[in-house]
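Residue numbers (the numbering used here), protein chains in the order written: chain A, 1 to 183; chain B, 1 to 382. By construction, the Cβ of each residue, glycine as well, lies at the ideal position given by its N, Cα and C atoms.
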């Protein structure tokens with residue numbers, strides 16, 4: 001990739017610690033405290049600021065975080081949802097994870113499709129599985145599920161059908177076999 | 001003859017481009033010989049040209065992420081090898097790495113070596129499958145015969161070690177289910193050496209073939225920037241000239257100890273993707289040979305508690321699956337089952353970029369493009 005006027009050379013790899021420092025420097029109070037876990041840089045972001053944060057990560061020549069790895073959601077039940085976005089900087093050799101907690105009852109956040117077109121399918125999947133709305137998404141229709149499917153299967157409140165229709169005799173899940181079994 | 005018909009005929013004869021054409025919507029799949037498995041395509045055609053082509057997925061959605069939340073960390077191994085059914089071992093490895101990271105389990109060196117050996121043999125098996133099937137899709141029936149001839153020995157070696165030919169269920173947190181049997185090393189080496197001898201044949205058979213070149217050179221060109229934006233990975237990304245391979249970029253197991261190269265393409269067209277696929281087999285063969293000859297003695301599994309209960313926490317771990325970057329984001333709340341386990345599969349991201357490649361392509365090129373995107377439907381749908 002070509003040199004784009006940053007202070008680092010275009011293909012210079014950096015340590016996660018240095019990268020984390022750069023992220024804090026460039027993004028300032030747009031993000032929360034950064035943390036290094038298993039050699040990856042993790043930060044918390046408010047939902048409304050997510051597209052801006054991701055845009056800076058992608059377009060800043062020093063950060064150069066142009067690889068969209070994935071986006072997913074987690075249902076923390078009464079603590080609300082959490083959306084996780086993971087990007088990767090191939091030139092710097094660093095993985096960046098963004099954790100976006102949504103307050104209880106909040107089910108929408110801005111879409112990332114304006115920054116990374118590849119977020120399209122990931123957001124559609126999170127939308128149908130968790131009932132989260134990604135604002136300004138070009139086509140937030142069902143991805144895997146049938147158009148008329150009711151409910152959001154990945155919610156903790158959505159029980160797996162095979163475990164509810166007919167009760168299984170005896171211990172079937174790990175932990176149920178108290179003291180014995182193959183648990 | 002009406003004025004309009006006359007006009008149309010004249011335009012047609014003079015090739016003035018004023019011919020009025022109508023778009024047609026063509027549905028391909030979910031079951032169609034040109035799409036592996038149940039991928040469905042809805043394409044809008046204008047004559048022989050594709051105006052818009054959209055993949056429709058979900059016909060094999062089995063709800064793996066939901067099922068993973070119901071099972072413990074040993075049971076999930078068998079679910080994971082069913083996602084990308086051509087590379088079970090490669091699917092199982094990063095999940096065990098997640099558990100090992102959270103529980104701080106140490107994996108013995110012998111187990112790490114064996115994981116590398118099995119993963120690379122599995123990569124070769126996967127690549128041989130696509131070597132054959134890509135030829136088949138373009139109307140060449142010989143490559144698949146060649147590929148399956150070389151597959152057989154390596155497949156037997158896998159069967160000898162794991163007891164399975166497809167869904168291995170062999171990787172455990174901490175190591176492997178059991179040690180390899182006597183004779184495995186010889187059989188695997190025999191298979192690898194036969195493969196190395198046969199690869200030039202594959203190269204001559206298709207890559208030197210004029211018809212194959214006509215069908216693939218310049219067809220379905222994927223620019224590197226677009227590939228990165230979509231999270232495209234694996235041989236497809238490398239064919240676009242990006243030397244990104246997790247075995248080198250973010251080494252796991254003990255890949256950093258082996259000597260191998262990352263083949264890259266130049267233009268990112270269908271030909272380059274096939275070229276990279278073939279070259280990668282040579283590199284994998286190199287790794288397997290090195291690992292088999294340097295295989296240390298020791299235990300096949302580390303010290304693992306009888307009941308696996310993970311401490312609360314999150315971990316994102318990834319590996320170079322034969323088709324690209326495969327990773328698991330494991331969230332544990334301290335239970336014996338994952339609270340959430342997001343599966344990031346390579347085919348999902350790789351196929352989401354397909355509409356860009358199909359736009360403006362000719363109908364017969366569509367098959368060349370899809371065939372060179374090397375995907376497994378179970379890996380897209382999960």
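- request: Measuring only between beta-carbons, confirm whether residue 348/B sits less than 9 Å from chain A.
  value: yes
- request: For residue 195/A, return the contacting residues in chain B, with the cut-off set at a CB-CB distance below 9 Å.
  value: An answer regarding residue 195/A cannot be provided, because it is not within the stretch 1 to 183 covered by chain A.
- request: Tell whether a beta-carbon distance below 9 Å holds between residue 148/B and residue 176/B.
  value: no
- prompt: Going along the chain, which residues of the stretch 241-255 of chain B sit with their C-beta nearer than 8 Å to a C-beta in chain A?
  reply: 242, 244, 249, 250
message: Pull the bridge partners of residue 40/A from the DSSP assignment, please.
response: 37/A
- prompt: Using a Cβ-Cβ cut-off of 7 Å (strictly less than) and excluding sequence neighbours within five positions of residue 160/A, which residues of its own chain qualify?
  reply: none
message: By alpha-carbon positions, which one of 49/B, 41/B, 72/B, 43/B ends up nearest to residue 308/B?
response: 72/B
message: I'd like to know if residue 60/A contacts chain B, where contact means its C-beta is closer than 9 Å to some C-beta of that chain.
response: no
message: Going residue by residue through the stretch 44-105 of chain B, where are the continuous alpha helix (DSSP H) segments of at least 4 residues, counting only ones entirely within it?
response: 64-68, 76-80, 88-103
- request: May I ask you to verify whether the stretch 295-305 of chain B touches the stretch 100-119 of chain B, counting CB pairs closer than 8 Å and requiring at least 3?
  value: yes
query: Regarding residue 68/A and the ligand ADP, is the C-beta to nearest heavy atom distance less than 8 Å?
result: The model depicted lacks the ligand ADP and carries no ligand whatsoever.
message: Measuring alpha carbon to alpha carbon, tell me which residue in 257/B, 265/B, 198/B is nearest residue 236/B.
response: 265/B
- prompt: How about residue 283/B and residue 37/A: do their beta carbons lie closer than 9 Å?
  reply: no
task: Give a yes or no on contact between the stretch 345-357 of chain B and the stretch 320-327 of chain B, applying the rule of three or more CB pairs nearer than 8 Å.
output: yes
Cβ shell of residue 94/B (< 7 Å), same chain only, five flanking positions each side left out: 317, 318, 319, 326, 327, 328
query: Interface residues of chain A around residue 381/B at Cβ under 8 Å?
result: 144
query: In whole angstroms, what separates the C-alpha of residue 211/B from that of residue 123/B?
result: 28 Å
message: DSSP three-state label for residue 13/A, please.
response: coil
- request: Return the chain-ordered list of same chain residues with a C-beta closer than 6 Å to the C-beta of residue 340/B, the five sequence neighbours on each side being excluded.
  value: 331
- request: Could you tell me which residues DSSP pairs with residue 81/A in its beta bridges?
  value: 75/A
task: Return yes when the Cβ of residue 224/B is within less than 9 Å of the Cβ of residue 272/B, no when it is not.
output: no
message: I'd like to know if residue 70/A contacts chain B, where contact means its C-beta is closer than 9 Å to some C-beta of that chain.
response: yes
- prompt: The beta strand (DSSP E) spanning residue 321/B covers which residue range?
  reply: 313-321
query: List, in order along the chain, the chain B residues whose C-beta lies closer than 9 Å to that of residue 49/A?
result: Those do not exist, as residue 49/A stays about 21 Å from chain B at its closest Cβ, beyond 9 Å.
message: In whole angstroms, give me the CA-to-CA distance for residue 17/A and residue 221/B.
response: 37 Å
task: Assign residue 359/B to buried or exposed, taking buried as 16 or more other Cβ atoms, counted over all protein chains shown, within 10 Å of its Cβ.
output: exposed
query: Mind checking if residue 65/B is an interface residue toward chain A, Cβ cutoff 9 Å exclusive?
result: yes
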